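Just below is one structure, and these are the notes that go with it.
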Amino acid sequence: MSEQDKLNSASSIAPTLDNQSRRQFIRGFSAMVGSATAASLLSTHAIAVAASYTANADSALSKGKVFTQAQLTSLKQVCNLVIPKTSTLGAGDVDTHGFIDNQLFYCHEALEQQAMVQVLSLIEQMAQQQFSIAFNQLAFDDQFHMINALDRGQGSFTAQQRHDFKSLKKLICFGYYTSEVGASQELRFDAIPGGFKGSIPYSKDDASWGSKGLFY
Amino acid sequence: MNDNIYINKSSEVYDAIVIGSGVSGGWAAKEFCERGYKTLMIERGRVVEHRKDYVGENKRPWQQPFRTRIDNLLVQEQHKIQQQCYAFTDATKHFFGNDRDLPYTTTPGTEFSWIRANQLGGKSLLWHRQSYRFGDYDFAANKLDGYGNDWPIRTPDIANWYSYVEKHAGISGSKENLPNLPDGEFLPPFDMTVPELAIKEKFAKLYPDRALIMGRAAHLTKPSKLHVEQGRVQCQARNECQAGCSFGAYFSTQSSTLPAAAATNNLHIAPNSVVESLIYDEKSNRVKGVRVIDNDDLSQREYFAKVVFVCASTIGSTQILMNSTSKKFPNGIGNSSGVLGHYLMDHNYNAGARGDFDGFEDEYFSGRRPSGLLVPNFYYKPDAKRKFLRGYALAGAAYREDWRSTQHQDGIGVDYKNSLKQAGKWKFGLHAQGEMLPRFENQMRLHPTLKDKWGMPQIEFDCQFSDNEKNMMIDASEEAERMLIAAGLSNVTRYVSNGAPGLAIHELGTARMGSDPKTSYLNKFNQSHEVPNLFVTDGASFCSTAVQNPSLTFMALTARAVDYCTQEMKSLRM
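From first to last, the protein sequence lines stand for chains A and B.
Counting in the numbering used here, the first sequence runs from 532 upward without gaps.
Counting in the numbering used here, the second sequence runs from 660 upward without gaps.
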């Protein structure tokens, strides 16, 4: 295990410990509010809101809940490599890395958190191995080729490493296409369509619907 | 709504008590109130006010704390079972039960998923609103093949009541004149997409007895004057129904039956009132009222009425009936037959097939249609050559892939992003809704020792799909696959899954109707064979499941039972 790996597994223990206090918080909250009124409807919401991800300009400016600041900086770059800026902002531009850090902490198991930390540590390790510099200091083309190879399981990347990267890629897509930019600028969003039409014209470059109702 | 409608303690003897406020309870209350009867609706959960309490409604994904997902510890601690429901999301989770407070057990080797909605409006807030009549083949099914007891009614007994409830609730659909699925009083159907129309046309040629029709659903595609007067407007095609619809564009208790009942000034509601048992007077052989445990402080109180309608959901109703014991009825009120709790059924949604439908690249749709398509049951006539009794419907819909599917492709960067922006291939699937036989062995019973926090004996389920249901699912997956290939789909794959009973959320039976008091609990008017002022009008009363979604039949049976009951009250036979 490299020094970096040790650091990473240490940081992935923190959320597991914190889960204990989250559990107590969830239990305590529901005991407190009872169920008499509509206010209790809000109780689980209140828990969620307290823990909710609020868009930061850039979460890579400080340490995250799952990731170190260095990992968040790399993740931001990976987000922008997977979904770059075109006529709309890229995934890293809308803080998808910050969203992933928060989402992993609250909605995913410790094992998944750890696997995503490992993906970032692998990326860093490969940069050091191949170029002897940090991933973030690599030229864009080198970054692109490395992540592209990881996504396709090419070169020295194993099937398991590719599989874990696909999970991270899924989180990037989920974070981006549920963000305001992703859902309503890159894609088409219609909160209240006014009715259902079974046929409207579509040409190849039209954006698909980013509004999915309850079912994302 | 007027706050005076909610009561806590009362010594008044109401004309009618209605236990439950879901689809059936809402209808019972409306029908009694509109006939001038003072009615008390009892709800075990909290008040949910139309519009005001739809806290998850119309939230964009980026406005939700976890972008529609839910804190995994909250799920683990409180919603382990409820999360199995497709509609359990961050915007709806507060309308599902808290599994921590609602324990139940299953007999070893069996499974049952019990989805709960304990609040004013019950599951009328959460249902998918598919609304179909039962036909003559359905009411005759048990008699035709000899499995189960004969329904004591046929379509002429209930057709007018279906019409009556359809007009009020507002059901969209197309008249099809099919032998196996009666038409109703329909608002216009939702549009089909162009690929769906193409598949419909192919089925019409290849399978003349297997029509593909637009799903019939309790959504106002074109509200009538009556609906507008109810404060309801046209469906906006958000498909966020289970979060609550402030447009009242669907049927729920809050949008439809409750305002009608409240407008009469005959309605009172006792929320947070967990019914523990019915109060039975042996001398008069009548139910006098109900014993209630307070949902919050667990104190006890009683409510009284001349008649009691039990509409607490199939399992909830039977739990109350079983827990209402007396010297005369040691095994549950009105249960001399011993059938109470038996013949528990659900639908079986464990098979189907799906594939790609090439072409139609220049076709798209707008809006999110809150309904799919249906191939009604084509095995409605008994046939000894089939390996199983009864049949299934096939439900499905066409959709175009989007980033949720295309994200899995290899690649990163501008090309990848541009590819995810576009709409992908058209896909279409057919998924079985199979009938489950009424089997004596499939049952719910009161646990001998375990109780919940209100002191109610916990339910123990002993319920399994039999070989009949399993063979049916194999057939359904093969037929669905065959039909999709014949219709020209590619990459067709079929599946058979293993979901436990309960997950179709169409629990039925356990207090069935019938002509013979020795083998059934209720008569043909949903009235107890033994205790004349006791009625059960929810899914507990069903003799068989048919393949249709049952809620519309809850409505019709309930309205019909209230009509009968009030006539009996007037003629002083009650």
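Ideal Cβ placement from N, Cα and C applies to all residues, glycine included.
In this text, all values refer to a predicted model and were calculated from it rather than measured experimentally.
DSSP beta-bridge partners for residue i?
{"i": "glycine 1088/B", "result": "Arg1013/B"}
{"i": "isoleucine 1132/B", "result": "One detail in the question is off: residue 1132/B reads as methionine in this sequence, not isoleucine. BP columns for methionine 1132/B are empty, so no partner."}
{"i": "isoleucine 938/B", "result": "Gly948/B"}
{"i": "aspartate 953/B", "result": "Ser932/B"}
{"i": "asparagine 1007/B", "result": "Gly1093/B"}
{"i": "proline 1191/B", "result": "Beta-bridge pairing links proline 1191/B to no other residue."}
{"i": "isoleucine 676/B", "result": "Leu699/B, Val967/B"}
{"i": "methionine 1233/B", "result": "Answer by DSSP bridge pairing: none, since methionine 1233/B is not bridged."}
{"i": "arginine 1059/B", "result": "Trp1085/B"}
{"i": "phenylalanine 845/B", "result": "Ile830/B"}
{"i": "isoleucine 731/A", "result": "Tyr1023/B"}
{"i": "valine 609/A", "result": "According to DSSP, valine 609/A bridges with nothing at all."}
{"i": "threonine 585/A", "result": "Partner(s): none; threonine 585/A has no beta bridge."}
{"i": "lysine 1110/B", "result": "Pro1116/B"}
{"i": "leucine 1053/B", "result": "Val1034/B, Ala1091/B"}
{"i": "leucine 926/B", "result": "Thr698/B"}
Are residue i and residue j close, meaning C-beta to C-beta below 8 Å?
{"i": "glutamine 889/B", "j": "proline 918/B", "result": "yes"}
{"i": "lysine 1080/B", "j": "serine 734/A", "result": "no"}
{"i": "alanine 876/B", "j": "serine 790/B", "result": "yes"}
{"i": "serine 1203/B", "j": "proline 1097/B", "result": "yes"}
{"i": "asparagine 954/B", "j": "glycine 756/B", "result": "no"}
{"i": "asparagine 1129/B", "j": "threonine 916/B", "result": "Going by the sequence as given, residue 1129/B is lysine instead of asparagine. Their beta carbons are not under 8 Å apart, which means lysine 1129/B does not touch threonine 916/B by this criterion."}
{"i": "glycine 1055/B", "j": "histidine 1090/B", "result": "yes"}
{"i": "cysteine 610/A", "j": "glycine 595/A", "result": "no"}
{"i": "isoleucine 817/B", "j": "alanine 1215/B", "result": "yes"}
{"i": "serine 1030/B", "j": "glycine 874/B", "result": "yes"}
{"i": "aspartate 730/B", "j": "cysteine 704/A", "result": "no"}
{"i": "glutamate 899/B", "j": "alanine 750/B", "result": "yes"}
{"i": "glycine 681/B", "j": "serine 972/B", "result": "yes"}
{"i": "phenylalanine 1201/B", "j": "phenylalanine 727/A", "result": "no"}
{"i": "isoleucine 723/A", "j": "glutamine 741/B", "result": "no"}
{"i": "aspartate 1222/B", "j": "methionine 1095/B", "result": "no"}
{"i": "glycine 744/A", "j": "phenylalanine 720/A", "result": "no"}
{"i": "glycine 1072/B", "j": "phenylalanine 696/A", "result": "no"}
{"i": "asparagine 839/B", "j": "tyrosine 796/B", "result": "yes"}
{"i": "tyrosine 747/A", "j": "proline 720/B", "result": "yes"}
{"i": "arginine 1045/B", "j": "alanine 1082/B", "result": "no"}
{"i": "glycine 975/B", "j": "serine 983/B", "result": "no"}
What is the C-beta distance between residue i and residue j, in whole angstroms, given that I count them as a contact (C-beta under 8 Å)?
{"i": "threonine 1152/B", "j": "glycine 1014/B", "result": "7 Å"}
{"i": "proline 1191/B", "j": "glycine 1198/B", "result": "Contact doesn't hold; Cβ gap of about 22 Å is too wide."}
{"i": "leucine 1162/B", "j": "serine 772/B", "result": "5 Å"}
{"i": "valine 951/B", "j": "isoleucine 938/B", "result": "Actually they do not touch by this definition, with Cβ atoms about 10 Å apart."}
{"i": "glycine 993/B", "j": "threonine 1169/B", "result": "That pair is no contact at about 13 Å."}
{"i": "leucine 879/B", "j": "lysine 826/B", "result": "Not really, about 12 Å apart at Cβ, beyond 8 Å."}
{"i": "alanine 1218/B", "j": "valine 824/B", "result": "6 Å"}
{"i": "leucine 926/B", "j": "isoleucine 664/B", "result": "6 Å"}
{"i": "methionine 981/B", "j": "leucine 846/B", "result": "Methionine 981/B to leucine 846/B, Cβ: 40 Å. No contact."}
Under a Cβ-count criterion, where at least 16 other Cβ atoms within 10 Å of its own Cβ denotes burial, should residue i be classed as buried or exposed?
{"i": "aspartate 1017/B", "result": "exposed"}
{"i": "threonine 912/B", "result": "buried"}
{"i": "leucine 957/B", "result": "exposed"}
{"i": "lysine 782/B", "result": "buried"}
{"i": "valine 966/B", "result": "buried"}
{"i": "histidine 1067/B", "result": "exposed"}
{"i": "isoleucine 774/B", "result": "buried"}
{"i": "glutamine 691/A", "result": "exposed"}
{"i": "alanine 675/B", "result": "buried"}
{"i": "phenylalanine 1099/B", "result": "exposed"}
{"i": "isoleucine 858/B", "result": "buried"}
{"i": "glutamate 601/B", "result": "Outside the displayed range of chain B (660 to 1233) lies residue 601/B, so it cannot be described from this structure."}
{"i": "histidine 694/A", "result": "exposed"}
{"i": "asparagine 1009/B", "result": "buried"}
{"i": "lysine 1177/B", "result": "exposed"}
{"i": "glutamate 708/B", "result": "exposed"}
{"i": "lysine 607/A", "result": "buried"}
{"i": "glycine 713/A", "result": "buried"}
{"i": "glutamate 941/B", "result": "exposed"}
(request) Write down every uninterrupted run of the alpha helix (DSSP H) in the stretch 865–902 of chain B whose length is 4 residues or greater and which is fully enclosed by it, in chain order. (result) 884–888
(request) Within the stretch 659–708 of chain A, note down every full beta strand (DSSP E) run reaching 3 residues or more, in order along the chain. (result) none
(request) Quick one: which unbroken beta strand (DSSP E) runs of 3-plus residues sit fully inside the stretch 1143–1193 of chain B? Chain order, please. (result) 1149–1155
(message) List, from N- to C-terminal side, the alpha helix (DSSP H) runs of 4 residues or more that fit wholly inside the stretch 698–783 of chain B.
(response) 731–737
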